[in-house]
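Peer 1: Quick note on the working numbering: the sequence shown kicks off at 17 and runs consecutively. We put the beta carbon where it would ideally sit given N, CA and C, even for glycine. These numbers come from a predicted model, not from an experiment. Sharing a structure below in structure tokens format, with a few things to ask.
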Amino acid sequence: MKSSAVSPGISRSAEHQTLVDTHFHSRVTQWRDVYEQEGVEGAIYRKRLDIVLRWIDELAIPTGQKVLEIGCGAGRCTVALAQRGYPIHAMDSVEGMVNSTQEHASEAGVSSSVTTSLGDAHNLPFRDGSFGLVLAMGVIPYLHFPQKALKEMVRVLRPDGFLLVTAGNP
């Protein structure tokens, strides 16, 4: 009886993650190009990135502080932060996004400052207090257990670190 009570929740969360991953896997090229698009959608994403980068600049986080970006997508923010001198770990649940981030970092000449991995925001493979900044742009709406993921983000933050989470994508 216990296992059947647990299984539906596990099954639903696995199903949810599969749907999310499939959605983004099929749109890797779109996410790689969205910031260059003409029109409203491209303008919204460029503006969001500009705002997030401005906030990070205003926080005046020392450049040696390690950064974790959860849901790195095509790596646009990852590369911008690496160019600012931050060692950054970019994580996504979709292999195509991780590959795109690696390519973007290589093209920008910052691959030595960027590490990447496939990962799950609900179970971060890092020690407590590992990062001075944890960033999740537009990720929360796609998580099956947002509270658990947020607890994980806080867990891996340094005591004097910053957590920056943005609302859903347009």
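#1: From which residue to which residue does the alpha helix (DSSP H) around Ala-96 run?
#2: Per DSSP, what kind of secondary structure is Gly-177 in: helix, strand or coil?
#3: Would you kindly check if the distance between the Cβ of Pro-78 and the Cβ of Gly-148 is under 9 Å?
#4: Could you pull the start and end residues of the alpha helix (DSSP H) that Val-68 belongs to?
#5: So, helix, strand or coil for Ser-133, using DSSP?
#6: Which term fits Ser-23, buried or exposed, when burial requires 16 or more other beta carbons within 10 angstroms of its beta carbon?
#7: Whose CA, out of Thr-117, His-138, Met-107 and Glu-85, lies closest to the CA of Lys-164?
#8: Tell me Met-107's beta-bridge partners as DSSP assigns them.
#9: What's the call for Ser-133, buried or exposed, on a 16-neighbour Cβ count within 10 Å?
#10: Please go through the segment 118-173 and give each complete alpha helix (DSSP H) segment of 4 or more residues, from N-terminal end onward.
#11: Can the beta-carbon of Val-83 be found less than 9 Å from the beta-carbon of Tyr-61?
#12: So is Ile-86 buried or exposed if we call it buried at 16+ other beta carbons inside 10 Å?
#13: Alpha carbon to alpha carbon, how far is Pro-175 from Glu-168?
#14: Return helix, strand or coil for Gly-112, following the three-state DSSP convention.
Peer 2: Walking through what the data contain:
#1: Where Ala-96 is concerned, the enclosing alpha helix (DSSP H) stretches over 92-99.
#2: The three-state reading of DSSP puts Gly-177 in strand, counting E and B together.
#3: Pairing Gly-148 with Pro-78 gives a Cβ-Cβ distance under 9 Å.
#4: In the DSSP assignment, Val-68 falls within the unbroken alpha helix (DSSP H) covering 56-75.
#5: In the displayed model, Ser-133 falls within a strand according to three-state DSSP.
#6: Its pLDDT being 38, under 50, Ser-23 is placed unreliably in this model, and the value from its coordinates should be taken loosely. Counting Cβ neighbours within 10 Å, Ser-23 comes out exposed, since fewer than 16 surround it.
#7: Shortest Cα-Cα distance from Lys-164 to any of Thr-117, His-138, Met-107 and Glu-85 involves His-138.
#8: In the DSSP output, where bridge partners are listed per residue, Met-107 has Ile-86 and Ser-133.
#9: Counting other Cβ atoms within 10 Å of its Cβ, Ser-133 stays below 16 and is therefore classed as exposed.
#10: The qualifying runs are 162-172.
#11: Taking 9 Å as the Cβ cut-off, Val-83 and Tyr-61 do not qualify as a contacting pair.
#12: Note on Ile-86: 16 or more other CB atoms within 10 angstroms of its CB, so buried under the neighbour-count rule.
#13: Their Cα atoms are separated by approximately 14 Å.
#14: Here Gly-112 sits in helix by DSSP.
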